[in-house]
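First residue of the sequence shown: 148, per the numbering used here; consecutive thereafter.
See below for the structure under consideration.
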Amino acid sequence: MDLMKLFDGYVRNYHTFQLNYAHGYTAAASSERKYFTQLGSMLGYQPLTADDSERSKRPMDLAWWDQYDAERKVWKELVLHLEKEKTSRKSEATLEKLFADTPGCQPQYAIGIFQVRKKERIDELLQAAQRMCKLKDALLIIRLKNVEVYAYLLSESAVIQSKKACIADIAGTLYMYFEDEHSNGKTGELKRFYHDDEAYAAWCRENEAAYVYNYFGGSDGQADMNKIHRANCSRLWRKSDEGKRTTAYEKVCAANLDALKSFVIGERGSSWSYCKKCMQVEKTKATETSTETPAETPEGVDDVENQQSFQVAT
Ligand SMILES: [Zn+2]
148 MDLMKLFDGY VRNYHTFQLN YAHGYTAAAS SERKYFTQLG SMLGYQPLTA
198 DDSERSKRPM DLAWWDQYDA ERKVWKELVL HLEKEKTSRK SEATLEKLFA
248 DTPGCQPQYA IGIFQVRKKE RIDELLQAAQ RMCKLKDALL IIRLKNVEVY
298 AYLLSESAVI QSKKACIADI AGTLYMYFED EHSNGKTGEL KRFYHDDEAY
348 AAWCRENEAA YVYNYFGGSD GQADMNKIHR ANCSRLWRKS DEGKRTTAYE
398 KVCAANLDAL KSFVIGERGS SWSYCKKCMQ VEKTKATETS TETPAETPEG
448 VDDVENQQSF QVAT
């Protein structure tokens, strides 16, 4: 079994969990448990969760068993041990559980799913796992807030493969995706303009319904300076910015909002925002902490004003 393929499937099916930024860890964990339980069953194994495998000498969040012994009424072969841990400081203890040496009850495969708030913790956990892992096949899935997910395939102490996926809110549902797959034209091409006001203005004239990211950069605290606008937003076309629309900051444009968001999240994590003027409906989805429901703005309300003020410098 290729554990990294299980990660691919987990990433591609993540949206079926129907989670959004308002969901806490419990909802995510319960969907994950259901997903891996069903997956084990579909692959032909017997999944047992912590609730129904109490007789096992090895405590496990979820296990996949094989080789049923009808006479003794037990499953003989432990295929997979899966552990989930939401609390960062308990992660090492959970790794110990996952990689425990239980004579007569060693899994063939192990998967640990963790959640951290700081990027540095990812390295710490990976190193701890490398120290403890005696299995030939183990997968570490580490989610960094609701922004990115890292996967590491371990063979004993060696990391033999790693992958990174991103998380994005698309129309109120959290999706996971691989960045390289997302930007290969399937979801829209990015146009970048730097020191080229003329080409930028021409592109925006052609693509009025497109989106523009004002790539200010800066620190994590400068979400307000890194905004996504509609291409025809009057704030992008102020007379006072004439001649320096793409010289002060690069403009990254896309006809497809999801493609542009993927780029922005990849560059900035959650430190960016929607323009309050032209992206009214979208703006509350931009921050992970927000639990408000976006207010519905009647279509066209902003547009009227924007069309009037949409003056492209020539
Ligand atoms: Zn705007």
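Beta carbons: idealized from backbone N, C-alpha and C, even for Gly.
Distance check between Gly251 and each of Leu337, Arg205, Tyr347 places Arg205 closest, using alpha-carbon atoms only. With distances taken between CA atoms, Ala348 lies nearest to Asp388 out of Phe363, Lys311, Cys422, Asp388.
At a cut-off of 8 Å, the beta-carbon of Lys398 does not count as near ligand 1: no heavy atom of the ligand is closer than that. The shortest CA-to-CA distance from Leu150 to any of Ala370, Asn167, Leu227, Gln193 is the one to Leu227. At least one heavy atom of ligand 1 sits closer than 8 Å to the Cβ of Arg382.
Taking a 10 Å sphere around the C-beta of Ile307, we find fewer than 16 other C-beta atoms and assign the residue as exposed. Looking only at Ile288, Val294, Arg352, the smallest Cα-Cα distance to Leu300 is reached by Ile288.
The DSSP-derived three-state label of Gln277 is helix.
Under the three-state reduction of DSSP output, Asn160 falls in the helix class. For Gln262, the uninterrupted beta strand (DSSP E) segment begins and ends at 256-263. In the three-state reduction of the DSSP assignment, Gln185 falls in the helix class, which pools H, G and I.
For Cys400, the secondary structure class from DSSP, reduced to helix, strand or coil, is strand. Taking the C-beta atoms as reference points, Ala370 is found nearer than 9 Å to Trp419.
Under the DSSP assignment, Leu195 falls in the beta strand (DSSP E) whose first and last residues are 193-196. With respect to Tyr341, Cys400 sits apart: the two C-beta atoms are not nearer than 9 Å. Distance from the C-beta of Arg377 to the nearest heavy atom of ligand 1 is below 8 Å.
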